[in-house]
Amino acid sequence: MASTTTGPLSFDLKGTDGRARRGRVTVPHGVIQTPAFMPVGTRATVKGLMPRDLKATGSEICLANTYHMDISPGPKIVKKMGGLHEFMGWDKPILTDSGGYQVFSLPKTQLDEEGVTFRFEKKGGKKVKLTPERSMQIQQDLGADIAMAFDVCVPYPCDYKNAQDAVYRTIRWLERCKEAHTRPDQALFGIVQGSSYADLRGLSAQLTMGIDLPGYAIGGLSVGEGHSIMMAMIDCTEPSMVKEKPRYLMGVGYPEDIVEAVARGVDMFDCVIPTRYARSGVAFARHGRFRVSNARYKTDKYPLDTNCSCYTCKNFTRAYLNHLINTNEILGSALMTLHNVTFYQDLMRTIRTAIEEKNFEKFRVSFLQEYLAEDKKEELGIEDIDGRYDQDDFSWDVEHSVIRPTDD
1 MASTTTGPLS FDLKGTDGRA RRGRVTVPHG VIQTPAFMPV GTRATVKGLM PRDLKATGSE
61 ICLANTYHMD ISPGPKIVKK MGGLHEFMGW DKPILTDSGG YQVFSLPKTQ LDEEGVTFRF
121 EKKGGKKVKL TPERSMQIQQ DLGADIAMAF DVCVPYPCDY KNAQDAVYRT IRWLERCKEA
181 HTRPDQALFG IVQGSSYADL RGLSAQLTMG IDLPGYAIGG LSVGEGHSIM MAMIDCTEPS
241 MVKEKPRYLM GVGYPEDIVE AVARGVDMFD CVIPTRYARS GVAFARHGRF RVSNARYKTD
301 KYPLDTNCSC YTCKNFTRAY LNHLINTNEI LGSALMTLHN VTFYQDLMRT IRTAIEEKNF
361 EKFRVSFLQE YLAEDKKEEL GIEDIDGRYD QDDFSWDVEH SVIRPTDD
């Protein structure tokens, strides 16, 4: 349908079904089929998975975090070791965030037009100033395929004046990022802000699209605003976004949020949820998510999901995983992570097929009916649902929690 190349990134929009988009992103280290989910490898590792395991899940791209990589080992060391790809043994695409979200989550930050001054949580509380130029330099040293612009991340709730100021400052910083970004084999994405205000979201999108870049992101969501507001903000942002370039919803999220965002024209996602939940014994499956460490699974001979073909589900029972998690065995976290990331990638693959076959809406309704617990289904407007599990095993967070800098 449409193909665009901007710098080192090409985007092919292969088809649509309603507002849902089927595409392909090509960057120096490979191809990413979209809609795509990016597992988070905060410190140049997706916790619990070796690179070969990450590939086995179907992941085509992962994310690393500028803030944490700046703390340790430092961008100069990564650059000396050949960049992130060689350093972490991952030959597929990588995206790095700007560090802004983590910095703005820290206490006692000082914001001015130049940047943000803060103290590292480690390195003896060393005082540091992160600017758009510094963020670009770190990300260029790290050498990911896609770098994110340094933006102003406001909390939720946020008053209108502060949200408006953040929109304009984010645009000024984006212009500085573009000027400072000189690495020809790395694509720079701009970020739309605006908190929970529809007019600010629309304004930010228009201003951001006015700066020609390989791709664009929707930021400042999944910070406590809840599903309905999140979707409303996507709805008032998406119409202003460039059709021929990839759209990335940052920090999202739960499977139901991903499906609903795809229905609104989003192409790329990242979140710590599948890996962080895995380490606490929570599995994702086609009927919802459940805590395998619960006593009811002590003698359960079934795999986590009978429809899943991952190594965990082909070889281990819920009973064994219950034992591993409850005895804090490292293998338990690794097996759970392998399954959860595979579940997410299988979901993305199914979404792509549904768009190709022009039956995405049918898939969306069917998935939500099977996957969601009663309270969440009601919020999303899905009716005539049979509740089939105890609420103790399927507790849903209507308000998404803020991920602190130390979480990954």
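Its first residue numbered 1, the sequence shown is counted upward by one per residue in our numbering. Every residue gets a Cβ at the ideal spot worked out from N, C-alpha and C, and that includes glycine. All values reported here derive from a predicted model rather than from experimental measurement.
For residue i, the three-state DSSP class (helix, strand or coil)
i, result
"Y277", "helix"
"S204", "helix"
"L368", "helix"
"N62", "This sequence places Cys at residue 62; Asn is not what is there. It is a strand residue."
"E356", "helix"
"I211", "coil"
"V27", "strand"
"M1", "coil"
"K243", "coil"
"K79", "helix"
"E225", "coil"
"T350", "helix"
"M231", "helix"
"P255", "helix"
"Y409", "Nothing about residue 409 can be reported from this structure: the residues present for the chain run from 1 to 408 only."
"P344", "The question names Pro, yet the displayed sequence has Tyr at residue 344. Three-state DSSP puts Y344 in a helix."
"K409", "Nothing in the structure corresponds to residue 409, since the chain is present only between 1 and 408."
"C153", "coil"
"D165", "helix"
DSSP bridge partner residues for residue i (one or two, in chain order)
i, result
"D17", "A20"
"M148", "F189"
"A217", "I191 and Y248"
"C271", "P39"
"L9", "T6"
"P33", "First, the amino acid is wrong: residue 33 is Gln here, not Pro. Its beta-bridge partners are R24."
Residue i versus the options, residue with shortest Cα-Cα distance
i, options, result
"I234", "L207, G251 and A198", "A198"
"A285", "A334, L368 and T237", "L368"
"L130", "E60, E256, S98 and N294", "S98"
"T350", "C271, N315, V292 and V259", "V259"
"T72", "T42, E60 and V46", "Note that residue 72 is Ser in the sequence shown here, rather than Thr. Out of T42, E60 and V46, T42 has the C-alpha closest to the C-alpha of S72."
"G18", "V266, N328, L63 and T317", "V266"
"L221", "A205, M241, V252 and D212", "V252"
"Y490", "T317, P93 and L207", "In the structure as shown, the chain starts at 1 and stops at 408, and residue 490 therefore has no counterpart that could be examined."
"R201", "L331, G23, S240 and D212", "S240"
"Y156", "M230, G210, G100 and E121", "M230"
"Q206", "R22, C236, E60 and G82", "C236"
"M1", "M38, G7, K14 and D141", "K14"
"R21", "N65, P246 and K301", "P246"
"C158", "L95, G74, E225 and K108", "E225"
"G100", "G82, T170 and K47", "T170"
"G288", "P75, G30, P274 and T299", "P274"
"F290", "R364, G210, Y371 and M268", "Y371"
"L338", "V25, H29, L304 and L142", "L304"
"H29", "K92, F189, M250 and C308", "K92"
"L49", "N340, K362, A373 and L347", "N340"
"A373", "N315, S333 and E256", "E256"
Separation of residue j from residue i, as counted between CA atoms
i, j, result
"W173", "D151", "7 Å"
"E244", "P214", "10 Å"
"S293", "K80", "43 Å"
"Y248", "A147", "12 Å"
"G194", "E238", "13 Å"
"T353", "Y311", "23 Å"
"D12", "T34", "10 Å"
"H227", "I218", "15 Å"
"C177", "Q186", "13 Å"
"S366", "T182", "46 Å"
"T16", "V242", "15 Å"
"I138", "A283", "35 Å"
"L324", "S204", "47 Å"
"A263", "G125", "44 Å"
"A36", "Y160", "33 Å"
"T5", "D112", "35 Å"
"V167", "V192", "8 Å"
"C62", "V40", "6 Å"
"V154", "V116", "13 Å"
"D165", "F104", "15 Å"
"E86", "A295", "43 Å"
"A232", "M209", "20 Å"
"R279", "L84", "25 Å"
"N65", "N322", "31 Å"
"N328", "E60", "30 Å"
"F394", "A163", "Because the pLDDT of F394 is 30, which lies under 50, any placement of that residue in the model is unreliable, and the number read from its coordinates should be weighed accordingly. Rounded to whole angstroms, F394 to A163 spans 35 Å at the Cα level."
Heavy atom of the ligand COA within 7 Å of residue i beta-carbon
i, result
"V128", "Here there are no bound small molecules, and the ligand COA is not part of this structure."
3 or more residues per run - each beta strand (DSSP E) lying fully within the stretch 280-341:
282-285 and 288-291
Suppose only complete runs of 4+ residues qualify. What are the alpha helix (DSSP H) ranges in the stretch 89-149, listed by chain order?
100-105 and 132-142
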